[in-house]
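Residue numbers (our numbering), protein chains in the order written: chain A, 1 to 212; chain B, 1 to 212. Worksheet for the structure shown next.
Number of protein chains: 2
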Amino acid sequence: MSGYVSDAVIRRLPAYYRHLRELEEEGVKQISSQDLGERMQLTPSQIRQDINSIGGLGRQGFGYPVSALKEHIREIMGLNREHRMVILGAGRMGNAIANYPHFRREGFIPVAFFDNDPERLNPDAEELPVYPVEELEKRLPELNAAIAVIAVPAEAAQELAERVYALGVRAIWNFAQVDLHCPRDLVVQNVHLSESLYILSYRMNEMWPEGK
Amino acid sequence: MSGYVSDAVIRRLPAYYRHLRELEEEGVKQISSQDLGERMQLTPSQIRQDINSIGGLGRQGFGYPVSALKEHIREIMGLNREHRMVILGAGRMGNAIANYPHFRREGFIPVAFFDNDPERLNPDAEELPVYPVEELEKRLPELNAAIAVIAVPAEAAQELAERVYALGVRAIWNFAQVDLHCPRDLVVQNVHLSESLYILSYRMNEMWPEGK
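Following this line, the structure appears as structure tokens:
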């Protein structure tokens with residue numbers, strides 16, 4: 001696959017993947033842009049444009065082959081590979097992420113926590129050890145992790161990002177409420193939960209200016 | 001405030017709010033679109049356009065008044081009100097949300113959990129009781145909650161959404177990996193964590209097609 005895929009399309013790819021997987025489970029073999037659009041609350045022309053931009057598939061009048069398209073999207077999203085993840089911060093959020101359903105099925109494997117709180121340390125745990133942050137430089141190389149998940153308070157995030165970058169990590173999934181300043185060859189995806197909640201609040205306020 | 005505010009602007013409002021709050025804490029009184037743009041990694045003209053679309057403030061050549069603009073955004077996001085939240089699902093994710101930093105400061109008050117797991121029930125807890133889901137109809141009206149947070153498995157989400165809607169809840173913050181089918185007067189904001197992770201993976205794959 002080559003060519004330019006817009007951010008908007010990239011943001012929609014996971015939803016395509018999810019719906020196509022559901023359709024496959026329902027035994028659907030082919031789906032028209034009309035039906036897929038209805039399901040995804042997109043117009044048929046948006047569907048055709050999106051799918052075209054990621055490299056085609058589907059013949060005029062036949063609709064899209066569900067399994068093949070799902071596999072294609074799975075591949076361009078890199079879900080056909082295993083991604084090992086270290087989780088920085090073993091608090092409630094870090095643990096919720098480590099146990100989030102289906103991550104393992106898609107190849108995202110949490111391999112260790114790092115935390116500063118002595119009460120959370122558990123370096124001998126078989127499945128998901130919790131190491132002290134001061135051992136990052138010692139432990140990270142052997143963990144062979146491609147992704148660092150940042151689930152620490154905002155104040156600690158930037159320093160940790162720089163340390164894992166120096167150790168070769170090139171992707172950060174950031175849950176800290178801060179914009180990280182990062183080099184260009186570091187992929188950062190932010191989950192700013194409070195921003196999502198504020199947008200909800202904005203829409204409530206827009207719909208019921210007098211309160212609800 | 002009236003007129004049309006685009007989705008893209010709405011999505012950026014929380015970041016404006018966060019940066020303006022930081023600037024206020026740093027003691028900055030006025031900021032130019034140039035400086036704010038640099039900080040937020042947006043062009044000055046984007047900044048001017050965004051702020052103009054939410055109703056102005058700022059005089060040519062003087063920059064924007066930090067505190068007033070922050071307050072204005074706070075108000076249109078409805079953060080000057082208290083929003084009581086019930087959390088459906090008292091698992092790891094539900095607990096991470098209930099304890100997420102700063103929510104209370106912005107007026108989002110978790111008031112109760114509902115869960116099906118007998119081991120999680122704790123109806124007599126003073127601060128955050130955990131009630132059985134079967135008591136939703138009985139308990140929800142007196143809890144006076146404007147927002148329901150859905151932190152249950154995907155299969156259970158739609159039914160719960162319908163039940164809280166029937167009880168008068170008009171806003172759902174959905175963490176379940178499913179698109180809810182909802183009436184128009186229900187505000188739904190989704191946090192599909194796996195989708196965020198897949199986008200990270202897409203960008204890794206785009207940057208290092210041979211793996212990293």
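We treat Cβ as the ideally placed atom computed from N, Cα and C, and that holds for glycine.
Return the chain-ordered list of same chain residues with a C-beta closer than 8 Å to the C-beta of residue 133 (chain A), the five sequence neighbours on each side being excluded. Counted from its first residue, the first sequence places residue 133 (chain A) at position 133. Correct list, in chain order: 88, 114, 115, 116 and 160.
Taking 8 Å as the CB-CB cut-off, is residue 147 (chain A) touching chain B? As a first step, residue 147 (chain A) is located in the first sequence; it is residue number 147 there, counting from the start. Any Cβ of chain B closer than 8 Å to the Cβ of residue 147 (chain A) would place that residue at the interface, and such an atom is present.
What are the boundary residues of the beta strand (DSSP E) that includes residue 49 (chain A)? Here residue 49 (chain A) refers to the residue found at position 49 when the first sequence is read from its first residue. Premise fails: residue 49 (chain A) lies in the alpha helix (DSSP H), 44-53, not in any beta strand (DSSP E).
Segments assigned beta strand (DSSP E), at least 3 residues, entirely inside the stretch 130-159 of chain B: Entirely contained in the stretch 130-159 of chain B, the beta strand (DSSP E) runs reaching 3 residues are, in chain order, 130-132 and 147-150.
Report all residues from its chain with a CB closer than 7 Å to the CB of residue 1 (chain B); omit the five preceding and five following residues, and keep chain order. As a working mapping, residue 1 (chain B) is identified with position 1 in the second sequence. Because the pLDDT of residue 1 (chain B) is 44, which lies under 50, any placement of that residue in the model is unreliable, and the number read from its coordinates should be weighed accordingly. Contacts found: 54, 55 and 76.
Within 10 angstroms of its Cβ, does residue 50 (chain A) collect 16 or more other Cβ (buried), or is it exposed? Taking the first residue of the first sequence as 1, we reach residue 50 (chain A) at position 50. Around the beta carbon of residue 50 (chain A), 16 or more other beta carbons lie within 10 angstroms, which makes this residue buried.
Cross-chain neighbours of residue 83 (chain B) in chain A, by beta carbon under 8 Å: Walking along the second sequence from the start, residue 83 (chain B) turns up at place 83. Correct list: 201 and 204.
DSSP state of residue 4 (chain A), grouped into three classes? Sequence index remark: in the first sequence, residue 4 (chain A) carries index 4 (1-based). Here residue 4 (chain A) sits in coil by DSSP.
Between the alpha carbons of residue 129 (chain B) and residue 143 (chain B), how many angstroms are there, rounded? As a working mapping, residue 129 (chain B) is identified with position 129 in the second sequence. As a working mapping, residue 143 (chain B) is identified with position 143 in the second sequence. Straight-line Cα distance between these residues: approximately 11 Å.
Taking only beta-carbon atoms, is residue 2 (chain A) less than 8 Å away from chain B? For the purposes of this step, residue 2 (chain A) is taken as residue 2 along the first sequence, with counting starting at 1. The predicted model places residue 2 (chain A) with a pLDDT of 45, which falls under 50 and marks its position as unreliable, so this point remains unresolved.
Under 8 Å between C-beta atoms, does residue 119 (chain B) make it to chain A? Numbered from its first residue, the second sequence carries residue 119 (chain B) at position 119. No, its Cβ sits nowhere closer than 8 Å to a Cβ of chain A.
Got a sec, what are the start and stop residues for the alpha helix (DSSP H) residue 35 (chain B) sits in? Numbered from 1 along the second sequence, position 35 holds the residue referred to as residue 35 (chain B). Looking at the DSSP string, the run of the alpha helix (DSSP H) that includes residue 35 (chain B) is 33-40.
Measuring only the C-alpha atoms, how far is residue 6 (chain B) from residue 184 (chain B)? Here residue 6 (chain B) is taken as the residue at index 6 of the second sequence, counted from 1. Here residue 184 (chain B) is taken as the residue at index 184 of the second sequence, counted from 1. Spanning the two alpha carbons is a distance of roughly 18 Å.
Would you list the one or two residues that DSSP bridges to residue 115 (chain A)? Taking the first sequence and counting its residues from 1, one reaches residue 115 (chain A) at position 115. Per DSSP, the beta-bridge partners of residue 115 (chain A) are A:132.
When you compare the CB of residue 180 (chain B) with every CB in chain A, is at least one pair closer than 8 Å? Locating residue 180 (chain B) in the second sequence gives position 180, where the first residue counts as 1. Cβ-Cβ to chain A under 8 Å: no for residue 180 (chain B).
Quick one: give me the first and last residue of the beta strand (DSSP E) that residue 171 (chain B) is part of. Along the second sequence, read from residue 1 onward, the residue named residue 171 (chain B) stands at position 171. Residue 171 (chain B): member of the beta strand (DSSP E) spanning 171-174, first to last residue.
Going along chain B in order, which residues have a C-beta closer than 8 Å to the C-beta of residue 48 (chain A)? Position 48 of the first sequence, counted from the start, is the residue given in the question as residue 48 (chain A). Near residue 48 (chain A) there are no residues of chain B at all, since even the closest Cβ is about 20 Å away, more than 8 Å.
Evaluate residue 110 (chain B) with the Cβ neighbour count: other Cβ atoms within 10 Å of its Cβ, from every protein chain shown; 16 or more gives buried, anything less gives exposed. Translated into the one-based positions of the second sequence, residue 110 (chain B) becomes position 110. With 16 or more other Cβ atoms within 10 Å, it is buried.
For residue 194 (chain A) and residue 102 (chain B), which I take to be in contact (beta-carbon distance under 8 Å), what is that distance rounded to the nearest angstrom? On the first sequence, residue 194 (chain A) is found 194 positions in, with the first residue counted as 1. On the second sequence, residue 102 (chain B) is found 102 positions in, with the first residue counted as 1. Rounded, the Cβ-Cβ distance is 6 Å, consistent with contact.
Go ahead and pull the three-state DSSP assignment for residue 290 (chain B). There is simply no residue 290 (chain B) to check, as chain B begins at 1 and stops at 212 in what is shown.
Residue 86 (chain A) and residue 112 (chain A) - do their beta-carbons sit closer together than 8 Å? In the first sequence, counting from the first residue as 1, residue 112 (chain A) sits at position 112. In the first sequence, counting from the first residue as 1, residue 86 (chain A) sits at position 86. For residue 112 (chain A) and residue 86 (chain A), yes; Cβs fall inside 8 Å.
Thinking residue 196 (chain B) and residue 83 (chain A) are a contact (beta carbons under 8 Å), I'd like their distance in whole angstroms, please. Walking along the second sequence from the start, residue 196 (chain B) turns up at place 196. Walking along the first sequence from the start, residue 83 (chain A) turns up at place 83. That pair is no contact at about 14 Å.
Helix, strand or coil: which one does DSSP assign to residue 78 (chain A)? Locating residue 78 (chain A) in the first sequence gives position 78, where the first residue counts as 1. Here residue 78 (chain A) carries a coil assignment [DSSP, helix/strand/coil].
Could you check what DSSP says for residue 65 (chain A) in three-state terms: helix, strand or coil? In the first sequence, residue 65 (chain A) corresponds to position 65, counting from 1. Three-state result, residue 65 (chain A): strand.
From the DSSP output, in three-state form, read off residue 193 (chain B) for me. Indexing the second sequence from 1 puts residue 193 (chain B) at position 193. Helix, per DSSP.
Find out if the Cβ-Cβ distance for the pair residue 198 (chain A), residue 44 (chain B) is shorter than 8 Å. In the first sequence, the residue the question calls residue 198 (chain A) occupies position 198. In the second sequence, the residue the question calls residue 44 (chain B) occupies position 44. No.
Which residues in the same chain as residue 167 (chain B) place their Cβ atom closer than 8 Å to its Cβ, once the five residues preceding and following it in sequence are excluded? Taking the second sequence and counting its residues from 1, one reaches residue 167 (chain B) at position 167. Excluding residues within five positions, the ones whose Cβ falls inside 8 Å are 136, 137, 140 and 141.
Does residue 139 (chain A) have its Cβ less than 8 Å from a Cβ in chain B? Within the first sequence, numbered from 1, the residue matching residue 139 (chain A) stands at position 139. No, its Cβ sits nowhere closer than 8 Å to a Cβ of chain B.
What first and last residue would you give for the alpha helix (DSSP H) that runs through residue 84 (chain B)? For this step, residue 84 (chain B) is matched to residue 84 along the second sequence. Element bounds for residue 84 (chain B): not the alpha helix (DSSP H) but the beta strand (DSSP E), 83-88.
At what residues does the alpha helix (DSSP H) containing residue 92 (chain A) begin and finish? Counting from one through the first sequence, the residue named residue 92 (chain A) turns up at place 92. DSSP places residue 92 (chain A) inside the alpha helix (DSSP H), whose first and last residues are 92-98.
So for residue 101 (chain B), helix, strand or coil by DSSP? Taking the first residue of the second sequence as position 1, residue 101 (chain B) is located at position 101. Coil, per DSSP.
Contacts around residue 62 (chain A), its chain only, beta-carbon distance under 8 Å, and the 5 residues preceding and following it disregarded: Here residue 62 (chain A) refers to the residue found at position 62 of the first sequence. Taken in chain order, the residues that qualify are 30.
Reducing DSSP to helix, strand and coil, say where residue 183 (chain B) ends up. Locating residue 183 (chain B) in the second sequence gives position 183, where the first residue counts as 1. Annotated three-state conformation of residue 183 (chain B) is coil, per DSSP.
Could you confirm whether any beta carbon from chain A is found closer than 8 Å to the beta carbon of residue 193 (chain B)? Position 193 of the second sequence, counting from 1, holds the residue named residue 193 (chain B). By the rule that beta-carbons nearer than 8 Å mark a contact, residue 193 (chain B) touches chain A.
Classify residue 95 (chain A): buried if its beta carbon has 16 or more other beta carbons within 10 angstroms, exposed otherwise. Taking the first sequence and counting its residues from 1, one reaches residue 95 (chain A) at position 95. Result: buried.
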